[in-house]
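To start, the structure under review is shown below, and the notes come after it.
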Amino acid sequence: MNKPLRRIAIFCGLLVLALLIRDNWIQYVMADELRTDTKNRRVSIERYASPRGDIIVGGNPITGHTTTTSGDFKFKRTYKDGPMWAPVTGFVSQAFGANQLESLEDGILTGNDDRLFFRNTLDMLTGKKKEGGNVVTTLNAAAQKAAFNGLKKQGGKGAVVALEPSTGKILALASFPSYDPSSIAGNSDKDAEAWKKLDKKNNPDDPMLNRALRETYPPGSTFKVLTAAAALEDGLYTDPDGKTDSPDPWVMEGTTTKLPNEGNIPCKNASLRVALQYSCNTVFGKIGSDLGNDKMLDMAKKFGFTEEQFTPVRSSASVFSDNMNPSQTALSSIGQFNTAATPLQMAMVASAVANDGTLMKPYMVDELQAPNLDVIEKTDPEELSQPMSSKNAQILQSMMETVVDKGTGANAKIPGVTVGGKTGTAQHGVDNSENPYAWFISYAKDEDGSAPVAVAVVIEDDNAVRDDISGGGLAAPIARNVMEAVLDSKK
């Protein structure tokens with residue numbers, strides 16, 4: 000063979016070798032990546048080729064499916080009481096993807112989870128069509144309905160979270176305004192128009208925002224529960240009925256500014272119980288200043304502040320700052336300055352107090368089921384932290400129960416039931432120019448002294464006024480209805 004032909008043969012051989020290497024690389028190394036690539040149309044077609052499994056509440060599905068009459072996708076997701084459950088389920092859309100439980104548990108719901116491999120292989124051999132599994136939640140349908148209807152009746156923006164203190168189970172997770180995930184589940188022009196209307200750029204109410212988990216608000220006077228816990232745990236004060244060193248007026252350390260109280264209330268050297276009952280800014284602001292930033296931050300972290308929570312849906316981290324001076328610490332200790340909390344976080348505060356000082360990790364997925372209802376995974380309750388001793392938690396419970404019995408939380412009373420709570424009204428905006436947020440956190444006890452439910456409610460409302468009457472008037476009735484729903488469901 001002459002030299003030019005030999006060169007051409009070698010070059011062609013190298014091309015064939017490169018082609019074989021590339022072919023094997025694609026088939027074996029990149030196969031899984033290409034198979035699951037969202038740009039692979041066949042992936043989307045296969046995803047909607049069979050009915051999706053359901054999200055379950057109280058033994059009943061809150062999701063469903065319907066067949067489509069056109070296009071490549073055979074099945075489309077449907078939702079029952081979609082706006083009420085959207086903060087729990089999220090959405091799954093043929094055009095816009097998925098979020099929240101629909102996204103996080105997509106493998107189970109579509110039947111593609113690796114833990115279903117053996118079953119899927121057996122079904123393939125027997126000719127049975129693939130099915131999706133189920134996600135069983137911890138939610139209480141009656142509590143969720145009470146929460147959502149309460150927010151809807153108020154008409155403003157807001158959120159409700161209810162927890163089972165002994166386990167961390169999420170019993171209610173409501174956000175308002177909301178949206179119907181069914182309206183964007185398809186791939187039509189109608190779905191595209193609905194999606195456009197839900198976009199924050201076109202809708203300032205931002206109905207797709209999960210305010211229960213993703214929005215942080217100044218917690219206002221509800222944060223005084225945490226400040227009281229810090230005072231008890233540090234030993235700054237041990238007797239809830241003893242006098243505190245709390246002048247009124249009190250000038251914040253390092254300033255000439257007096258920290259005001261709302262109205263004519265008995266705050267001078269008030270006991271912790273009276274201070275919580277009347278929501279004395281001077282008492283709790285001075286406690287925060289006396290303890291200092293480091294101790295207050297440490298207590299806030301023990302209750303879950305500064306860390307994201309995964310329920311498994313991610314919740315934004317609540318904020319309590321470091322490197323604050325005494326006056327900033329004082330303001331932060333009454334839920335102002337730049338302190339901010341999600342409704343989930345403040346429900347966790349109430350839950351830990353109600354659970355004798357033990358904070359359980361919040362979660363909303365009880366178990367994952369195979370299509371034949373076999374349990375694939377079960378969530379076990381997990382202790383997150385121990386912010387308080389049992390003794391101090393019980394002291395704080397008695398103080399919160401005084402708030403409901405004799406203080407600003409009277410609207411949360413339930414006949415024959417022991418209820419503890421704390422109202423709050425958080426000012427915000429430049430020079431506190433905007434309407435405040437109305438807060439209420441609470442728990443209810445059974446006859447045996449255990450607390451099956453703790454609740455946090457926040458309302459963004461034009462009718463809110465600048466004192467704790469706002470939290471008691473707007474938020475407390477919603478919390479009461481949610482607690483009653485949980486108690487009734489246990490009978």
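One point on numbering: in numbering that gives the first Met the number 0, the residue at position 247 of the sequence shown is 246, and numbering is uninterrupted.
Even for Gly, the Cβ is constructed at its ideal location relative to N, Cα and C.
Extent of the continuous beta strand (DSSP E) run through R76: F74 to Y78
Option nearest R479 by Cα separation, candidates P361, E459 and K412: K412
Status (buried if at least 16 other CB within 10 Å, exposed otherwise) for E446: exposed
Three-state secondary structure assigned by DSSP to A400: For the record, residue 400 in the displayed sequence is Glu; it is not Ala. Helix.
Beta-carbon gap between A228 and N391 smaller than 9 Å: yes
Beta-carbon proximity list for R6, same chain, < 7 Å, skipping 5 on both sides: none
Opening and closing residue of the alpha helix (DSSP H) in which D12 lies: For clarity, residue 12 is Gly in the given sequence; the question names Asp instead. Looking at the DSSP string, the run of the alpha helix (DSSP H) that includes G12 is K2 to N23.
Residues near S496 by beta carbon distance below 6 Å, same chain, minus five either side: Outside the displayed span of the chain (0 to 490) sits residue 496, for which this structure offers no information.
Cutoff 7 Å; reference P361; Cβ partners in own chain excluding five residues on either side: L162, G167, I169, Q308, T310, L343 and M347
For E104, the three-state DSSP class (helix, strand or coil): coil
7 Å CB neighbourhood of T215 in its chain, flanking five on each side removed: S315, S317, V318, A339, A340 and T341
L330 to A274 span [Cα, whole Å]: 16 Å
6 Å Cβ shell around D379 - same chain, five flanking residues per side excluded: none
Residue of D112, M363 and F304 minimising C-alpha distance to G334: F304
L16 to D22 span [Cα, whole Å]: 10 Å
DSSP bridge partner residues for Q203 (one or two, in chain order): Per the sequence shown, the amino acid found at residue 203 is Pro instead of Gln. Answer is none; P203 lacks a bridge partner.
C-alpha gap between S388 and I394, whole angstroms: 10 Å
Extent of the continuous beta strand (DSSP E) run through T65: T62 to T66
Outcome for D430 when other beta-carbon atoms lying within 10 angstroms are tallied against a minimum of 16: Residue placement at D430 cannot be trusted, given a pLDDT of 47 that sits under 50; what the coordinates show is reported in the next sentence. Exposed, because fewer than 16 other Cβ atoms sit within 10 Å of the Cβ of D430.
Proximity below 9 Å, CB of S288 to CB of P325: yes
Whole-angstrom distance between G423 and M482, CA atom to CA atom: 18 Å
Backbone CA spacing between P451 and K79 [nearest angstrom]: 27 Å
Proximity of F72 and Q93 at Cβ, strictly below 9 Å: yes
Sequence-distant residues of its chain with Cβ nearer than 8 Å to M323 (five each side left out): N292, S331 and F336
Which of helix, strand or coil DSSP assigns to G419: strand
Identity of the residue in P246, F302 and L172 nearest G356 by Cα: F302
Contact between the region 180-196 and the region 242-259 (3+ Cβ pairs under 8 Å): no
Burial state of L18, where buried means 16 or more other Cβ atoms lie within 10 Å: exposed
Beta-carbon proximity check, P180 vs V91, cutoff 9 Å: yes
Straight-line Cα distance separating S220 from L231: 17 Å
Beta-carbon proximity list for F283, same chain, < 6 Å, skipping 5 on both sides: K223, T226, S332 and I333
Option in T109, V135 and T65 with minimal Cα separation from L372: V135
Closest by C-alpha distance to N209, when choosing among A425, T254, G157 and T237: G157
For D297, the first and last residue of its enclosing alpha helix (DSSP H): N292 to K301
Span separating the alpha-carbon of M295 from that of N280: 16 Å
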